[in-house]
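Participant:
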Amino acid sequence: MTEWKQEDLRLHSHHGWRARPGCKIFVADRGAVRFDYPQDWFVVPEEDSVKLCDKEPPGDDSRLTVSYLRLPPVDWSGLPVTALLEAGMREDERLIDTWGPVSEMQRGDLQAAWREVSFLDPGEKREARSRICVARRPPIQCLITFDFWAAHLAQCEQAWNTVLETLELGESMADPTRGPLVF
0 MTEWKQEDLR
10 LHSHHGWRAR
20 PGCKIFVADR
30 GAVRFDYPQD
40 WFVVPEEDSV
50 KLCDKEPPGD
60 DSRLTVSYLR
70 LPPVDWSGLP
80 VTALLEAGMR
90 EDERLIDTWG
100 PVSEMQRGDL
110 QAAWREVSFL
120 DPGEKREARS
130 RICVARRPPI
140 QCLITFDFWA
150 AHLAQCEQAW
160 NTVLETLELG
170 ESMADPTRGP
180 LVF
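Shown next, in the form of structure tokens:
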């Protein structure tokens with residue numbers, strides 16, 4: 000994965016970007032990854048991911064982290080995203096109290112699987128939740144994690160649903176200031 004670089008661009012007067020009310024649009028690498036997120040959240044680029052936080056860190060109560068990679072041009076149908084999710088979660092070193100069911104989503108050729116876990120945060124001694132999603136639309140595969148306090152489940156549920164409902168992968172565009180073509 001390449002290093003993240005935040006770039007603010009002035010949009011063309013007739014751009015095609017449309018966010019849900021109360022949201023901004025996250026776009027990585029000219030459309031490799033795109034989704035809506037709450038407009039008052041903070042974007043924090045890291046070396047190999049981008050974090051979107053409900054408050055400015057370190058005072059944040061919820062944190063969505065996104066990373067992606069470009070896949071080689073092979074047939075990926077024999078490796079379901081559910082299998083990738085389950086294999087990755089076996090490596091989780093936290094003391095998980097509850098493993099939620101795996102949820103699957105298919106929209107066109109976009110496939111995604113996600114699961115929620117709950118655990119006691121060892122530092123804060125509070126119940127925390129984590130949602131992990133593996134999504135794929137070749138040639139892009141994306142990992143999204145969402146960590147939050149259990150007490151904030153209601154507002155985090157809404158943010159998570161917005162991210163998943165608006166998630167698009169591999170919609171590359173030559174000019175991000177114009178956005179997607181709208182006919």
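One point on numbering: in numbering that gives the first Met the number 0, the residue at position 150 of the sequence shown is 149, and numbering is uninterrupted.
From the three backbone atoms N, C-alpha and C, an ideal C-beta is built for every residue, glycine too.
#1: Tell whether a beta-carbon distance below 8 Å holds between R114 and L84.
#2: Rank K23, L70, P57, E6 by C-alpha distance to the C-alpha of T165 and give the top, closest one.
#3: Alpha carbons only, please: which of S61, L63, L163 is nearest the one belonging to R106?
#4: Would you kindly work out how many angstroms separate the C-alpha atoms of I95 and P44, rounded to a whole number?
#5: Count the other CB atoms within 10 Å of the CB of D53; is the residue buried (16 or more) or exposed (fewer)?
#6: Can you tell me whether DSSP reads R19 as helix, strand or coil?
#7: Ignoring anything shorter than 3 residues, give me the beta strand (DSSP E) runs that lie fully in the stretch 85–111, in order along the chain.
#8: Taking all protein chains shown into account, decide if F41 is buried (16 or more other Cβ within 10 angstroms of its Cβ) or exposed.
#9: Report yes if the CB atom of H14 is closer than 8 Å to the CB atom of G178, and no otherwise.
#10: Expressed to the nearest angstrom, what Euclidean distance is found between the alpha-carbon atoms of I143 and D39?
#11: Taking the alpha-carbon positions, what's the E103 to I131 distance?
#12: So which of L109, R93, A134, G99 has the shortest CA-CA distance to F118?
#13: Is it right to say V73 is buried, meaning 16 or more other beta carbons lie within 10 angstroms of its own, or is it exposed?
#14: Near T97, what residues of its chain come up, given a Cβ to Cβ distance below 6 Å and the 5 sequence neighbours on each side ignored?
#15: Is DSSP giving D35 helix, strand or coil here?
#16: Identify whether A246 lies in helix, strand or coil by the three-state DSSP scheme.
#17: Does the distance from the C-beta atom of A134 to that of Q110 stay below 8 Å?
#18: If you run the structure through DSSP and keep just helix, strand and coil, what is M0?
#19: So, is P100 buried or exposed, given that buried needs 16 or more other C-beta atoms within 10 angstroms?
Facilitator: With the structure as the only source:
#1: Counted from its first residue, the sequence shown places residue 114 at position 115. Counted from its first residue, the sequence shown places residue 84 at position 85. Against a cut-off of 8 Å, the Cβ pair of L84 and R114 comes out as a contact.
#2: As a working mapping, residue 165 is identified with position 166 in the sequence shown. Ranking K23, L70, P57, E6 by Cα distance to T165 puts K23 first.
#3: Start at 1 with the first residue of the sequence shown, and residue 106 comes out as number 107. Among S61, L63, L163, the Cα nearest to that of R106 belongs to L163.
#4: By 1-based counting over the sequence shown, the position of residue 95 is 96. By 1-based counting over the sequence shown, the position of residue 44 is 45. The straight-line gap from Cα to Cα measures roughly 28 Å.
#5: For this step, residue 53 is matched to residue 54 along the sequence shown. When all chains shown are included, D53 counts as buried.
#6: Here residue 19 is taken as the residue at index 20 of the sequence shown, counted from 1. Looking at R19 - three-state DSSP - the assignment turns out to be coil, as it is neither helix nor strand.
#7: 95–98, 102–106
#8: By 1-based counting over the sequence shown, the position of residue 41 is 42. The residue is exposed, with fewer than 16 neighbouring Cβ atoms inside 10 Å.
#9: Locating residue 14 in the sequence shown gives position 15, where the first residue counts as 1. Locating residue 178 in the sequence shown gives position 179, where the first residue counts as 1. Closer than 8 Å, so yes.
#10: Position 144 of the sequence shown holds residue 143. Position 40 of the sequence shown holds residue 39. Cα to Cα, the separation comes out at about 19 Å.
#11: Counting from one through the sequence shown, the residue named residue 103 turns up at place 104. Counting from one through the sequence shown, the residue named residue 131 turns up at place 132. Rounded to whole angstroms, E103 to I131 spans 12 Å at the Cα level.
#12: Translated into the one-based positions of the sequence shown, residue 118 becomes position 119. Nearest of L109, R93, A134, G99 to F118, Cα basis: R93.
#13: Along the sequence shown, one-based indexing puts residue 73 at 74. Burial call: exposed.
#14: In the sequence shown, counting from the first residue as 1, residue 97 sits at position 98. These residues qualify, in order along the chain: S117.
#15: For the purposes of this step, residue 35 is taken as the residue at position 36 of the sequence shown. Residue state, collapsed to three classes: strand.
#16: Outside the displayed span of the chain (0 to 182) sits residue 246, for which this structure offers no information.
#17: Your numbering for residue 134 matches position 135 in the sequence shown. Your numbering for residue 110 matches position 111 in the sequence shown. A contact, by the Cβ cut-off of 8 Å.
#18: The residue given as residue 0 occupies position 1 in the sequence shown. In this prediction, M0 scores a pLDDT of 46, lower than 50, which makes its location untrustworthy; no coordinate-derived value is stated.
#19: Counted from its first residue, the sequence shown places residue 100 at position 101. Counting Cβ neighbours within 10 Å, P100 comes out exposed, since fewer than 16 surround it.
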